[in-house]
Amino acid sequence: MIEQLKQPLLSVVIPCYNEEEVIGETMKRLKAFCSEIVNLDVELIFVDDGSRDKTRELLKNYAAEDARIKLIGFARNFGHQIAVTAGIDAACGDAVVLIDADLQDPPEVIHEMIVKWREGYDVVYGTRTERQGESIFKIATARSFYRLLNRLSDVPIPLDTGDFRLMSRPVVDTLRAMPERDRFVRGLVSWVGFKQIALPYKRSVRFAGESKYPLRKMLSFAIDGILSFSTKPLQMSITLGMLCACLAMSGILYVLWLRLFTHIWVEGWTALMIAVLFLGGIQLISVGILGEYIGRIYNEIKNRPLYVVQEYLGFNQTGPEMSRSPVINKS
Ligand code: UDP
Ligand code: MG
470 MIEQLKQPLL SVVIPCYNEE EVIGETMKRL KAFCSEIVNL DVELIFVDDG
520 SRDKTRELLK NYAAEDARIK LIGFARNFGH QIAVTAGIDA ACGDAVVLID
570 ADLQDPPEVI HEMIVKWREG YDVVYGTRTE RQGESIFKIA TARSFYRLLN
620 RLSDVPIPLD TGDFRLMSRP VVDTLRAMPE RDRFVRGLVS WVGFKQIALP
670 YKRSVRFAGE SKYPLRKMLS FAIDGILSFS TKPLQMSITL GMLCACLAMS
720 GILYVLWLRL FTHIWVEGWT ALMIAVLFLG GIQLISVGIL GEYIGRIYNE
770 IKNRPLYVVQ EYLGFNQTGP EMSRSPVINK S
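Taking our numbering, I'd label the letters of the sequence shown as residues 470 to 800.
If you want it as structure tokens, here you go:
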């Protein structure tokens, strides 16, 4: 009997958090994208990151209707980067695409990513040439963040690049073998290496609903990125300390000079207070930076599972090939 040749598989991972307003349209666009695709099978892996609205229900219905649609339902909100990680862990594809649920990253761009992948690239990452509908504040802070991160990080991380990207199986397998908890996915992918290429695209406006990244989350995401890709902030405390020591030394020399060669003696109080406060500030900042790193070590050491899956839907009997979750409820 001639065995039917299996087509390569493309996995599309879509993290969703309270996206009930968008999910219908996203599904429509993704299905349209799937129907245009040739010589590839597609699986759509939705990761519901503990939504509190109807997202999970809607996704369950979609998964029941279509065998290509799979669902990973988290037990609570674990965050975007962890949701993406769970999707990557469960994906079986020869290539895996990460895309946001809010249609800011147009699914149609994936066609161009596939072309590049077929040319032999292992990572095709979308670089935003334009960001429609986002506040000047968000655009400006994002721009400065990527530039700062690049200066600090030992691995070059592409500028103005989010998680919208295609990755080949070797890259995905390497990511799956990385146990670290601080998952700044775009940085991890840069770290892996292989043949990578940028694909410029226009980032659209969010289709509906609000951004799930308020300032607080954005800030902690930025700090995660910097701290997990650089130890330069630690070296900064040494530089600051040395700077302070130099300043103090010149102060001492100046005061000695006044004492020995003039009649103006420094009264002292103001200078003393300034010195104490200045040094205290620098010391606290340094301890704080140290604390951030130690906190992360503590988190790693606890070795808790990265995420907890409440339910898997649409995977086969034995569930996905890989999961970092302890409780797996297969169906
Ligand atoms: N998201 C998630 N968990 C979260 C926050 C966001 O899975 O805790 C998803 C969200 O549903 C969306 C993607 O991550 O698909 C990007 O989020 P969003 O569009 O709100 O961020 P922005 O584009 O405004 O930076
Ligand atoms: Mg968005």
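Glycine residues also receive a C-beta, built at the ideal position from the N, C-alpha and C atoms.
Whose C-alpha, out of 786, 515, 520 and 521, is nearest the C-alpha of residue 531? 515
Classify residue 582 as buried or exposed, calling it buried when 16 or more other Cβ atoms lie within 10 Å of its own Cβ. buried
Cβ-Cβ distance between residue 483 and residue 509 below 8 Å: no
Distance between beta carbons of residue 682 and residue 822, contact taken as under 8 Å: Given a span of 470 to 800 for the chain in the structure shown, any question on residue 822 remains unanswerable.
Tell me the DSSP secondary structure of residue 793 in three-state form. coil
Heavy atom of ligand 2 less than 7 Å from the Cβ of residue 752, yes or no? no
What are the partner residues of residue 665, as DSSP defines its beta bridges? 592
Residues around ligand 2, please: the condition is that the C-beta lies closer than 7 Å to some non-hydrogen atom of it. 569, 571, 573, 675 and 680
Taking 7 Å as the line, does the beta carbon of residue 486 fall inside it for any heavy atom of ligand 1? yes
Residue 543 and residue 756 closer than 8 Å at C-beta: no
Closer than 6 Å by C-beta to residue 693: which residues in its own chain qualify, once you throw out the five before and the five after it? Chain order, please. 651 and 653
By Cβ distance, which residues of its chain are closer than 7 Å to residue 557, with the 5 residues on each side in sequence left out? 482, 565, 641, 644 and 645
Compare the Cα-Cα distances from residue 648 to each of 794, 691 and 528 and report the closest residue. 794
Inter-stretch contact at 8 Å, needing at least 3 Cβ pairs: the stretch 586–603 / the stretch 621–635: yes
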